[in-house]
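Written below as structure tokens is the structure these notes are about.
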Amino acid sequence: MDVHVNVLSFSSVLLGEVLAEPKQALADDTCLEKLLDWFTDLTAHGSSLLEINPCLIAFISSVCKTKTAEPSILSFALKLSGLLASTEEGFYILKQQNILESIFGYQEWSESCVWEDATVRSGWVHGLRSMVRHWEAMFFLFKNGFTKVVLHLQTDKSLFVASEANKLLARILNFSERTATRTPSSENGNETDLSEVHKDRGRPECPEWADGITEVMKHVEDSLMSGIPFHTCQSLKLVALSLVHCQPHVREMLWQKMEKAIEVLLGNGQSSLTQLLIEVLQAAARTPLLSKTDSSIVTLMETMLYALKPAQAIPFATGTMHLENCPHSLKKKAIGVVLQPLELVTASTDLQQLYSDPVKELGCQRSAVEEQLSQKRSCISLLCLSLSSTAELAGMQNSLHLEIPVQSVTLSVLKVLKVCVGMSFSSSPSSSILRNLIGCSKVQKCALDTLASLSQSPKSTVFRSEVLSVLLQYLDSPDTDCIVLQKAFQVTLKWLCICSEPPPQDLFLTEDLFPVLKKRLCDMR
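Under mature numbering (1 follows the signal peptide of the UniProt record, and there is no 0), the residues of the sequence shown are numbered -20 to -1, 1 to 505, in order.
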């Protein structure tokens, strides 16, 4: 109650000053944003702002009459109106007093010079987005033709306004679909007609709603194929924002509208769109669309795996393997992408056979990986990325149902660890790459983390003697980095815990490990 009183007192004083001179700019307009945050918090806890502070309507009405107030005050009034109308009760109160039509009427705003100020445009979109939380607000938006305005503002010269417009469009798609699909589909399995979703809800039909959703989807399709980079980016962002939260039939309609465009954009190889295309495919793959027999998502994700730069492909492949219901074939190809740098560095024929036969497309990516590995800096970065992702997947291979060649990976990781401490290696096509790893503590840390994860697999225990031997080299070497040394001790403990034969374990402890520990703990030099 004290909070309500404090907010009431502060807001009454502040709004009184604003009403007294609405054209005068506030010395610090952040107080308006703080006030709006307080109002939002009160609304979230079920309080009625109009009951707490009746002067809010007077403030909004005053701004509506002139539309010549300072831009920050106009923006605040628009945002506040949307917040008040976010409840059905508040919506009806503002509607009865003709405030909604007055404050949000686009025709009047477009004829006003203040519309040129991005603060006002942003406030207008933000207010509508706050309002659209119930059907009455949705009807209001569509019946007044605001959809076209919002679609236009999606590519506004102000990135802040464009972002707000995208959020509003996403809310429209998500809200309409979430509500509409409460009505069952027809018995023959066809898509629900958008114009029919209100009949069983006791609400008046709104054909503008169906037309508005269709208009948004058509706009997305046209923007993706427009060839205008900013328009394409904005529509990709919109799809990524809304796709996961849509219900089945709107999601399917939206995907059908953009599916071909995504294929074309992937084929064009525009690097500026890469991250957005990744986000769209990841969003689509987290929906039931991935499991549909006629879905192209799997094919598109495979194309993306081989089209990405190596540093982008590995995280994308790792995320792919975390997907629920991810097809086995896609998982296998994703594993190949993750392990490829490790295979090339260690010249492991076992790892190469993992994917080289079924996946011809990797040839193109292979050359890109080889180029990265030929340079010391990118070699270390890419190998660490491969090792870190392998460590993550090795620790989750049972829960994710992954078929990782544990023994081959273990041998490759051991080879990396040996090379890092300067242990001899035979000349091979990868020897020039291996020289980049000597003394690299960053690679050592990642390799040790991977070795720790591999200890959880029963298939790796056959190499425990070799693993402990390599770890002992790290523990005994005076040149070992302190953090690497700490990790080496931790990994040694993990591998000792999986030893099932007491005699060899006891021998390692008494003859190998204890002398090293004595040296580390007692030698003060």
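Just so it is clear, CB atoms sit at the ideal spot from N, CA and C, and this is done for glycine as well.
Keep in mind the model is a prediction, meaning the values are calculated, not measured.
Nearest to residue i by CA position, among the options, is which residue?
i	options	result
Gly288	Glu69, Val317, Arg231	One point to set straight first is that residue 288 is Leu, not Gly, in the sequence displayed. That would be Val317, whose Cα lies nearest to the Cα of Leu288.
Leu353	Ser388, Leu394, Leu417	Leu417
Val43	Glu282, Glu88, Ala145	Glu88
His132	Met281, Phe140, Leu121, Ala145	Ala145
Ala427	Ser449, Leu322, Leu455	Leu322
His302	Ser276, Leu319, Ala57, Gln377	Gln377
Gln227	Phe155, Glu350, Val219	Phe155
Thr127	His199, Cys93, Ile73, Asp274	His199
Ile258	Glu304, Ala297, Thr194, Gly103	Ala297
residue 589	Val129, Arg357, Cys213, Ser369	Absent from the model: residue 589. The displayed extent of the chain is -20 to 505, so no value can be given.
Ile32	Ile40, Ser41, Cys359, Phe19	Phe19
Ile53	Pro34, Asn78, Ser361, Ser102	Ser102
His114	Gln255, Thr254, Leu63	Leu63
Leu367	Ile315, Gly85, Thr10, Trp95	Ile315
Val141	Phe120, Glu96, Leu373	Glu96
Leu148	His106, Phe120, Thr99, Gln355	His106
Asn248	Pro209, His225, Thr273	Pro209
Gly375	Arg357, Ser392, Leu431	Leu431
Leu246	Tyr286, Gln236, Trp235	Tyr286
Arg151	Ala190, Val129, Ser110	Ser110
Tyr454	Ser445, Lys467, Phe443	Lys467
Trp475	Asp456, Ser457, Ser437	Ser437
How is residue i classed by DSSP in three states: helix, strand or coil?
i	result
Asn33	coil
Pro385	coil
Asn248	helix
Leu16	helix
Gly375	coil
Glu176	Low per-residue confidence applies at Glu176: pLDDT is 43, beneath 50, and the placement is therefore not dependable enough to give any value.
Gln355	coil
Met301	helix
Asp274	coil
Ala263	helix
Asn78	coil
Ala293	helix
Thr48	coil
Pro268	helix
Arg113	coil
Asp9	coil
Lys137	coil
Thr127	helix
Leu54	helix
Cys306	coil
Roughly how far, in whole angstroms, is the beta-carbon of residue i from the beta-carbon of residue j, given that I think they are within contact range, below 8 Å?
i	j	result
Pro290	Ala348	6 Å
His211	Ser203	4 Å
Lys123	Glu188	5 Å
Val464	Ser421	5 Å
Glu116	Phe71	5 Å
Leu324	Glu351	Actually they do not touch by this definition, with Cβ atoms about 11 Å apart.
Leu363	Thr390	With 8 Å as the limit, Leu363 and Thr390 do not qualify as a contact, their Cβ atoms being about 16 Å apart.
Leu234	Met281	With 8 Å as the limit, Leu234 and Met281 do not qualify as a contact, their Cβ atoms being about 18 Å apart.
Val260	Ile242	7 Å
Mark residue i as exposed unless 16 or more other C-beta atoms lie within 10 angstroms of its C-beta, in which case mark it buried.
i	result
Pro51	buried
Pro268	exposed
Met403	exposed
Ala38	exposed
Gln134	buried
Asp459	exposed
Leu22	buried
Lys217	buried
Ala220	buried
Gln424	buried
Gln345	buried
Thr279	exposed
Asp429	buried
Ile83	buried
Ala24	exposed
Gly207	exposed
Lys398	buried
Gln255	exposed
Leu473	exposed
Leu139	exposed
Lys240	exposed
Ser309	exposed
Gly419	exposed
Cys400	buried
Arg415	exposed
Ile306	With the sequence shown as reference, residue 306 is identified as Cys, and Ile is not the correct amino acid for it. Buried, by the Cβ-count rule.
Cys359	buried
Could you confirm whether any beta carbon from chain C is found closer than 8 Å to the beta carbon of residue i?
i	result
Ala297	In the displayed structure, chain C is absent; only one protein chain is listed.
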